[in-house]
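A.B. asks:
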Amino acid sequence: MLQKKICMLGSFSVGKTSLVRRFVESIFSDAYQTSIGVKVDKKVVRVNNEDVTLVLWDIHGEDVYQKIHMSYLRGMSGYLLVIDGTRRQTLEDALALNQRVTQEVAKVPAILVLNKSDLVDEWEIDSARESELAAAGWTILRTSAKTGASVEQVFSQLAAATLAE
Amino acid sequence: MADQAHRRAPTNQTEENPSANNHAYEELRHLIIAPEQEELAGIQERLDDRARRTQDVSSVVAEAISMRRDQHGERALAQALAPTVQETLRESVRRDPHPLADALFPVMGPAIRKSISEALRGMLESFNEALEHSLSARGIKWRIEALRTGKPFAEIVLMHSLLFRVEQVFLIHRHTGLVLSHVVARQVATQDASMVAGMLSAIQQFVHDSFDSKDQESLDSLNVGELEVWIEEGPGAVLAAVIRGHAPSDYRLTMKETLEEIQQRYSSALENFRGDAAPFLSAEELLTRLLAAQHREPAATKKPRAALATIAILGILVLAYFGYSLYLMYEWSRFLHAVRGQPGITVISYDREGGRYHIQGFRDPLAADPNILLTQAGLDPKNAQFDLAPYYSLDDSIVAQRARQLLHPPDGVTLSENHGELQVEGTASPQWISRVQERAPYIAGVASVDTSHLQNSHLLQLNAPKSAVESVILVFPIGRAGLEPGQENTVAQTQKGIRDIVDKANRLGEQTTVELTGHSDSTGIEGTNMLLSQERADNIRDILIRGGVQPTTLHTRGVGTTQPLRPEDTEENRRLNRSVTFRITFTPTASGN
Chain H
21 MLQKKICMLG
31 SFSVGKTSLV
41 RRFVESIFSD
51 AYQTSIGVKV
61 DKKVVRVNNE
71 DVTLVLWDIH
81 GEDVYQKIHM
91 SYLRGMSGYL
101 LVIDGTRRQT
111 LEDALALNQR
121 VTQEVAKVPA
131 ILVLNKSDLV
141 DEWEIDSARE
151 SELAAAGWTI
161 LRTSAKTGAS
171 VEQVFSQLAA
181 ATLAE
Chain B
2 MADQAHRRAP
12 TNQTEENPSA
22 NNHAYEELRH
32 LIIAPEQEEL
42 AGIQERLDDR
52 ARRTQDVSSV
62 VAEAISMRRD
72 QHGERALAQA
82 LAPTVQETLR
92 ESVRRDPHPL
102 ADALFPVMGP
112 AIRKSISEAL
122 RGMLESFNEA
132 LEHSLSARGI
142 KWRIEALRTG
152 KPFAEIVLMH
162 SLLFRVEQVF
172 LIHRHTGLVL
182 SHVVARQVAT
192 QDASMVAGML
202 SAIQQFVHDS
212 FDSKDQESLD
222 SLNVGELEVW
232 IEEGPGAVLA
242 AVIRGHAPSD
252 YRLTMKETLE
262 EIQQRYSSAL
272 ENFRGDAAPF
282 LSAEELLTRL
292 LAAQHREPAA
302 TKKPRAALAT
312 IAILGILVLA
322 YFGYSLYLMY
332 EWSRFLHAVR
342 GQPGITVISY
352 DREGGRYHIQ
362 GFRDPLAADP
372 NILLTQAGLD
382 PKNAQFDLAP
392 YYSLDDSIVA
402 QRARQLLHPP
412 DGVTLSENHG
422 ELQVEGTASP
432 QWISRVQERA
442 PYIAGVASVD
452 TSHLQNSHLL
462 QLNAPKSAVE
472 SVILVFPIGR
482 AGLEPGQENT
492 VAQTQKGIRD
502 IVDKANRLGE
512 QTTVELTGHS
522 DSTGIEGTNM
532 LLSQERADNI
542 RDILIRGGVQ
552 PTTLHTRGVG
562 TTQPLRPEDT
572 EENRRLNRSV
582 TFRITFTPTA
592 SGN
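Taken in sequence, the protein lines are chains H and B.
Every position in the first sequence, counted from 1, becomes a number in my numbering once 20 is added.
Every position in the second sequence, counted from 1, becomes a number in my numbering once 1 is added.
#1: Determine which residues share a DSSP beta bridge with Glu-511 (chain B) and list them.
#2: Report yes or no: is there a C-beta of chain B within less than 8 Å of the C-beta of Asp-61 (chain H)?
#3: Does any residue of chain H have a CB that is nearer than 8 Å to the CB of Phe-171 (chain B)?
#4: With distances taken between CB atoms, is the gap from Leu-463 (chain B) to Lys-497 (chain B) smaller than 8 Å?
#5: I'd like to check one pair, Leu-153 (chain H) with Leu-139 (chain H): are the Cβ atoms closer than 8 Å?
#6: Taking buried to mean at least 16 other C-beta atoms within 10 Å of its own C-beta, is Phe-477 (chain B) buried or exposed?
#7: 8 Å is my cut-off, CB to CB: does Phe-212 (chain B) come that close to chain H?
#8: DSSP three-state label for Lys-87 (chain H), please.
#9: Determine which residues of the segment 31-48 of chain H have a Cβ less than 9 Å from any Cβ of chain B, and write them out in chain order.
#10: Considering only residues of the same chain and omitting the five flanking positions on each side of Gly-168 (chain H), which have a CB-CB separation below 8 Å?
#11: State the Cα-Cα distance for the pair Leu-416 (chain B) and Arg-567 (chain B), rounded to the nearest angstrom.
#12: For Val-75 (chain H), is the classification buried or exposed, using 16 other Cβ atoms within 10 angstroms of its Cβ as the cut-off for buried?
#13: Among B:Asn-372, B:Phe-323, B:Ala-378, which has the Cα closest to the Cα of Trp-333 (chain B)?
#14: Express the C-alpha separation of Lys-136 (chain H) and Ser-170 (chain H) in angstroms, rounding to a whole number.
#15: Could you have a look at Pro-236 (chain B) and say whether DSSP puts it in helix, strand or coil?
#16: What's the gap between the Cα of Glu-45 (chain H) and the Cα of Ser-116 (chain B)?
#17: Name the chain H residues whose beta carbon is nearer than 9 Å to that of Phe-207 (chain B)?
#18: Could you tell me which of B:Ala-482, B:Arg-440, B:Gln-205 sits nearest to Asn-540 (chain B), measuring between CA atoms?
#19: For Val-58 (chain H) and Ile-103 (chain H), which I take to be in contact (beta-carbon distance under 8 Å), what is that distance rounded to the nearest angstrom?
#20: On the three-state DSSP scale, how would you describe Gln-424 (chain B)?
#21: Does DSSP put Asn-135 (chain H) in a helix, in a strand, or in coil?
#22: According to DSSP, simplified to helix, strand and coil, what is Met-109 (chain B)?
#23: With DSSP collapsed to three states, give me the class of Trp-77 (chain H).
#24: Spatial neighbours of Arg-149 (chain B) within its chain, please: C-beta separation below 7 Å, excluding the five flanking residues on both sides.
#25: If the cut is a Cβ gap below 7 Å, which residues of chain B does Gly-95 (chain H) touch?
#26: In chain order, which continuous runs of the beta strand (DSSP E) of length 3 or greater are located wholly inside the segment 548-592 of chain B?
#27: Does DSSP put Trp-333 (chain B) in a helix, a strand or coil?
#28: List the DSSP bridge partners of Asn-69 (chain H).
#29: By how many angstroms is the C-alpha of Thr-177 (chain B) removed from the C-alpha of Leu-183 (chain H)?
#30: Considering only C-alpha positions, which residue in the set B:Glu-572, B:Gly-525, B:Ile-499, B:Phe-587 is nearest to Arg-547 (chain B)?
#31: Is the CB-CB distance between Ser-176 (chain H) and Val-64 (chain H) below 8 Å?
#32: Can you give the beta carbon distance from Thr-582 (chain B) to Thr-513 (chain B), rounded, assuming they're within the 8 Å contact cut?
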């Protein structure tokens with residue numbers, strides 16, 4: 021079976037962990053994330069009639085207390101850049117982080133995940149900005165860890181992208 | 002070559018067509034070909050000029066090498082360059098080793114440090130375990146095992162304390178942290194290998210980043226309760242072994258060797274890994290060997306039997322030891338008893354010290370040698386020390402022996418001692434007899450001497466006539482002191498016999514005494530019988546004196562019926578009891594030698 025290392029990046033409390041919790045296999049405690057800055061989970065998706073194991077490195081959100089270990093990203097085949105749609109700042113932080121990643125680590129397929137899509141009233145990212153990002157080449161998906169909307173799609177789409185590489 | 006051909010061609014043409022048109026043609030030709038020719042000349046010049054050619058190649062050499070590597074892989078290029086690189090290094094070291102040493106220093110330092118610290122750690126672990134186990138119940142069991150097998154105790158401790166089981170082995174792609182191969186020992190529950198491998202890589206990177214370790218150093222073991230995770234890192238792959246218990250340090254070496262083999266065998270697969278672990282299926286065999294080779298389960302079924310056998314053997318040994326000790330004690334007591342009963346040896350005390358017996362007492366120089374007694378008893382004389390002071394023993398046998406040593410008895414004489422009286426029996430010369438009588442009382446332990454059974458060898462010739470006289474019985478009628486008639490011849494022979502004996506004895510220096518004993522039968526009154534018997538003896542003495550026997554030789558006594566010669570049951574026996582008998586003794590004369 022094919023395996024791919026996928027990283028999940030994004031600011032603190034954008035819902036990365038919630039995003040994976042319901043949809044992936046997990047054996048490690050969340051405590052790892054706060055202690056060593058990463059927790060490894062697994063997600064098997066089916067792409068072109070073939071199972072692909074995504075080994076998900078759920079990287080702790082960068083904050084004042086903890087920097088991202090860029091070495092955790094080494095060898096990844098793709099990544100999810102998760103932002104909280106209700107907090108615009110998380111998008112800007114994510115884009116800044118993305119720049120560092122492409123410079124310091126690798127240019128690999130990535131998906132911009134706008135999480136918390138169920139909180140429509142509090143949405144802070146307007147469609148113009150979204151179009152702008154799409155124009156810049158981003159694959160953008162709106163998800164809701166709460167309702168489960170599009171979560172499966174995020175993983176299978178990224179898997180397909182890595183296979184196409 | 003091509004250029005020369007170009008040059009020759011126009012020359013040939015001029016020779017063939019020397020006409021005026023030639024000039025125009027030449028001009029045309031010049032117009033058409035000249036730039037090319039100049040270019041060709043320029044190229045020629047560059048090719049001929051070594052300096053320029055070098056300059057040309059130098060500008061592309063790096064790109065060429067890089068392109069070559071991309072096209073055909075590193076191997077061909079590496080093979081081509083290897084001899085030169087080796088030669089270069091050799092030359093560099095020959096000229097000046099310092100630059101290379103300086104370059105290698107940062108690599109060698111940590112490598113040497115690491116190997117030394119690993120060796121020390123292994124040694125400390127073994128030492129600690131040996132200490133820890135030396136006094137426990139298990140330790141005692143192992144000591145017995147060491148005794149049984151004859152192996153050093155330390156080796157037994159190591160053998161047991163190093164019991165371990167490698168439960169899982171992971172082969173992890175170093176760059177991505179993805180699992181390439183994973184093997185599990187039987188009956189071991191496992192978690193998802195891909196996640197575990199990922200997390201291991203994450204932890205390793207975390208440690209690497211967090212503690213700012215150098216490139217060569219990395220996390221090489223994790224402890225989780227009873228489990229240890231040993232990690233060996235290569236350039237392309239990471240080998241992780243999950244071990245229950247304590248693995249010996251040489252297991253690390255086995256891991257290293259396996260990883261090296263994997264690195265070598267799968268170098269291109271590791272480099273080109275894009276998530277497909279299929280090329281590493283064959284590595285499972287190498288990993289399984291790592292699992293199996295060091296899989297040492299205790300042989301539980303054999304142990305009770307072995308322990309029972311050990312206990313039995315020990316029991317037998319202990320019994321044998323005690324049995325032998327008891328036997329030795331018995332032998333010793335028997336020996337001591339024998340020594341105590343030995344004439345001429347007196348044991349005052351004895352004790353045992355460090356397996357040696359110390360015996361104190363006295364010993365007559367004539368007594369038996371105690372060491373010989375020991376040997377005869379089957380005991381080792383080395384185990385005994387005798388401290389015996391010399392003394393004179395009054396033991397009968399020792400006194401007899403002492404007397405024999407001092408008196409030198411001739412053949413035919415026996416000396417024996419009976420409570421202070423030396424008894425001398427046999428036949429000896431009168432000189433020796435007188436020496437015995439003179440000296441024997443001076444011998445320690447001899448109070449008196451009995452020579453009554455010692456015969457003067459010179460008197461042997463008198464034995465026959467003496468017996469003849471002593472066998473004579475002269476008989477008397479009832480109530481009369483005068484001889485019965487018909488005995489005149491006997492009396493005459495007796496007379497002559499006594500005279501001869503006295504004469505011969507005189508010549509041999511012996512004085513003869515003849516005792517005449519008168520007897521009576523039981524008829525009549527006892528008082529009368531006594532007188533009658535005395536009278537009978539006296540009568541015979543008178544007859545002998547008259548026959549020429551010296552009166553001083555003769556002594557008489559009457560015993561009446563007190564010493565009858567015969568029981569008076571017949572008339573003949575009663576007659577023999579009315580008689581006179583003779584007894585002859587000799588004593589050396591005072592002037593005799």
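Ideal Cβ positions, reconstructed from N, Cα and C, are used throughout, including at glycine.
C.D. replies: Reading it off the structure:
#1: B:Pro-589
#2: yes
#3: no
#4: no
#5: no
#6: buried
#7: no
#8: coil
#9: Glu-45, Ser-46, Ile-47, Phe-48
#10: Arg-42, Phe-43
#11: 36 Å
#12: buried
#13: B:Ala-378
#14: 11 Å
#15: coil
#16: 40 Å
#17: Ser-55, Ile-56, Gly-57, Val-58, His-89, Ser-91, Tyr-92
#18: B:Ala-482
#19: In fact, because the Cβ distance is near 19 Å, the residues do not count as touching under 8 Å.
#20: strand
#21: strand
#22: helix
#23: strand
#24: Thr-311
#25: His-176, Thr-177, Gly-178
#26: 555-561, 580-589
#27: helix
#28: Paired residues: none, contrary to the question.
#29: 15 Å
#30: B:Ile-499
#31: no
#32: So it is not a contact: roughly 16 Å between Cβ atoms.
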